[in-house]
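Worksheet: the structure to be examined is printed underneath.
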């Protein structure tokens, strides 16, 4: 039976019967990647703040299949369908891609929005095969709009699909730095992925660790939690705020996770970001965050140069920034649905 | 008296009287910067190829003031007004910025398009003063759409102006590599700016020159010509093709000019691009050209590392690329005017 999260702590099995326009967000993560959880939180906050006349209804990923026919039966022309953003469009995370195809090819009469994503289909037989399946599914929907969260993905989406493509930052950057706590900072934190996208060499990490002797204690973690088995819309905000508190207490973050850089931006924490297998963090950094002084990107493996970059972010003062205007294409898209 | 270039070699002083919708392109360069000349050439080719029902009329920059009242008197609702693209929005090239303000604040009832630009207002009293003047002028036009040619400019335009902003590559990238000549390659060419945007150190250039002993002869030039005093729509294509032939005959281009990299892309010539004072080439490279193997960007001053980058572009094979889909937001904008 499908669960619909009307509010994070109000789960229903039947869609509410009222005349309010609905905003259906599919694919909401229940897995423990806090970056993706922060995205789904920001998506709700964005729609509730900017378009309060919509009733926002979330469907977590494992309920997608059961929810599709229920929504299909009740949906009206004024409603909007969306699929959650992230870095999983392509053939690396097929469960997400398959759900996306199903949602996009079903609700072809409604404005359908693929929230800000990075895209990566591998340039091999399997990648091209999956890309073709996605092309076939996406092109069934003339009202589908894809949102790219970095320029590389904007180019790739436009050359891969016939759908309209717009360009905004990652949704988590809709949230504001000034709203998060300031704590006493101590020590440094390595936030490192352990998945197939990892490319940073262990030797580079060991050299960095040696560099940071002065910033004890040195802890290691990942933004994918292993302390809980699942995260739902009703538990994510508390865990997200706890993660931001962890970041706020550090003198320095070293990471290869894009969202660890985003959390560092939100908390004013000095951060050095390294690459993943296909450049999604690098491109998003150069597109949106290069002028934010307390975070930086590196492809360096030379210890002396890494040291200079670490010193630069640690000496930087926090300053005002404003990424809200960068969501204007998304805002206009939704505003013009009425 | 205002000159209107109906065709590059057909200059008239009165607007043609017919029912064909008009596309007025203001600010067309007559100065000898071949990058800006290539932009204005590409703009004409783009509109004539994609929207052949429009009559394309160019006004070179020194005629802007005289042409504005003439166009104002004849313009009809179906016509489109545009201002040429480039890297001069801001307070560094005030003659361009002042002309832009005048055009944007005059034709407020017509779709008005600022063609793909980079933007840079300096963060000082003069810069902020000029920015305020531009904000006041631009906001008078509810039908004005700004086009950014890199993500940094997209962000800056959206945070500076209330107007709609869209995102495409530089117009010269609308032109296609395969259309240009293949010549026998010999020697290397430094294409270096001599203006206020120059930041590359002479010492770095001298070190590179020493590196390239094997690629004789080594010549120096700039994409700003000093062999002619002025370039007009009727002379630009020939000079542009001559420049591309020059590039096609080189084994390697070293440059700090964004358009020298673009010409290298069009001719399949290995190229290393260095920075200017505010990162316009760097951002455009990462946004649109990073996957093109025979060109690369560097901020390096270390000779050994520069050598590695030069070797990488020289060993790269040319390959197909397609940037036409990246102009889709511009295409949709113009197509929806009818």
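Residue numbers (this note's numbering), protein chains in the order written: chain A, 13 to 350; chain B, 13 to 350.
For every residue, glycine included, the Cβ atom is placed at its ideal position computed from N, Cα and C.
Exercise for the section: Note down, in chain order, all residues in the stretch 163–175 of chain A with a beta-carbon under 8 Å from any beta-carbon belonging to chain B. Expected result: 163, 164, 166, 167, 170 and 171
Problem - Residue-level contact to chain B via CB, residue 338 of chain A, 7 Å cutoff - result: yes
Exercise for the section: Classify residue 316 of chain B as helix, strand or coil using the three-state DSSP reduction. Expected result: helix
Problem - Helix, strand or coil at residue 173 of chain A according to DSSP, with G and I counted as helix - result: coil
Exercise for the section: Would you check if there are 3 or more beta carbon pairs closer than 8 Å linking the stretch 114–122 of chain B to the stretch 60–67 of chain B? Expected result: Remark: fewer than three beta-carbon pairs, one from each stretch, lie closer than 8 Å, so the stretch 114–122 of chain B and the stretch 60–67 of chain B are not flagged as touching.
Practice task
Just the chain B side, please: which residues come within less than 8 Å of residue 179 of chain A by C-beta, in chain order?
Solution key: 163, 166 and 179
Practice task
Select from the stretch 281–302 of chain A all residues with a C-beta closer than 9 Å to any C-beta belonging to chain B, and list them in chain order.
Solution key: 291, 294, 295, 298, 299, 300 and 302
Problem - CB contact below 7 Å: residue 334 of chain B versus chain A - result: yes
Practice task
May I have the straight-line CA-CA distance separating residue 149 of chain A from residue 79 of chain A, to the nearest angstrom?
Solution key: 18 Å
Handout entry: Rounded C-alpha distance that separates residue 112 of chain A from residue 226 of chain A
Key = 47 Å
Handout entry: Cβ-Cβ distance between residue 204 of chain B and residue 268 of chain B below 7 Å
Key = Yes, the pair counts as a contact, with Cβ atoms nearer than the cut-off.
Problem - Exposure label - residue 308 of chain A; buried when at least 16 CB within 10 Å - result: buried
Problem - Neighbour flag for residue 201 of chain A against chain E, beta carbons, 7 Å - result: The chain labelled as chain E is not found among the protein chains of the depicted structure, namely A and B.
Practice task
Have a look at B:300, B:283 and B:304 and flag the residue whose alpha-carbon is nearest the alpha-carbon of residue 318 of chain B.
Solution key: B:283
Exercise for the section: Please classify residue 259 of chain A: is it buried, with 16 or more other beta-carbons within 10 angstroms of its beta-carbon, or exposed? Expected result: buried
Problem - Unbroken beta strand (DSSP E) run spanning residue 129 of chain A, endpoints - result: 124–132
Practice task
Whole angstroms is fine: what's the gap from residue 354 of chain A's alpha carbon to residue 83 of chain A's?
Solution key: No answer is possible for residue 354 of chain A: the residues shown for chain A start at 13 and end at 350.
Exercise for the section: Note down, one range per segment and in chain order, each beta strand (DSSP E) of at least 3 residues found wholly within the stretch 134–189 of chain A. Expected result: 156–160 and 176–179
Handout entry: residue 266 of chain B - partner residues in DSSP beta bridges
Key = Answer is B:202 and B:284.
Handout entry: Cα-Cα separation, residue 217 of chain A to residue 332 of chain A
Key = 31 Å
Exercise for the section: Classify residue 47 of chain B as helix, strand or coil using the three-state DSSP reduction. Expected result: helix
Handout entry: Rounded separation between residue 232 of chain B and residue 276 of chain B - CA only
Key = 16 Å
Handout entry: Length-filtered (4 minimum) alpha helix (DSSP H) runs lying within the stretch 29–78 of chain B
Key = 46–62
Practice task
Write down the C-beta distance between residue 295 of chain B and residue 164 of chain B rounded to the nearest angstrom, noting that I regard them as a contact closer than 8 Å.
Solution key: 4 Å
Practice task
Can you check DSSP and say which residues form a bridge with residue 23 of chain B?
Solution key: B:17
Practice task
Spatial neighbours of residue 303 of chain A within its chain, please: CB distance less than 8 Å, with the 5 preceding and 5 following residues excluded, ordered by chain position.
Solution key: 333
Handout entry: Close-in-space but distant-in-sequence residues of the same chain around residue 104 of chain B (CB under 8 Å, 5 per side omitted)
Key = Around residue 104 of chain B: 132, 134, 208 and 209.
Handout entry: Cβ contact (3+ pairs, closer than 8 Å) linking the stretch 92–104 of chain B and the stretch 137–151 of chain B
Key = yes
Practice task
Please report how far the alpha carbon of residue 28 of chain A lies from the alpha carbon of residue 97 of chain A, in whole angstroms.
Solution key: Distance between the alpha carbons of residue 28 of chain A and residue 97 of chain A is about 25 Å.
Exercise for the section: Taking only the alpha-carbon atoms, compute the straight-line gap between residue 159 of chain A and residue 15 of chain B and give it to the nearest angstrom. Expected result: 43 Å
Exercise for the section: Measure the C-alpha to C-alpha separation of residue 46 of chain A and residue 346 of chain A and round it to an integer number of angstroms. Expected result: Straight-line Cα distance between these residues: approximately 26 Å.
Practice task
Compare the C-alpha of residue 311 of chain B against each of B:300, B:49, B:323 and B:289 and name the closest.
Solution key: B:289
Problem - Endpoints, the beta strand (DSSP E) within which residue 308 of chain A is located - result: 307–309
Practice task
Along the beta strand (DSSP E) that carries residue 94 of chain B, what are the first and last residues, could you check?
Solution key: 92–95
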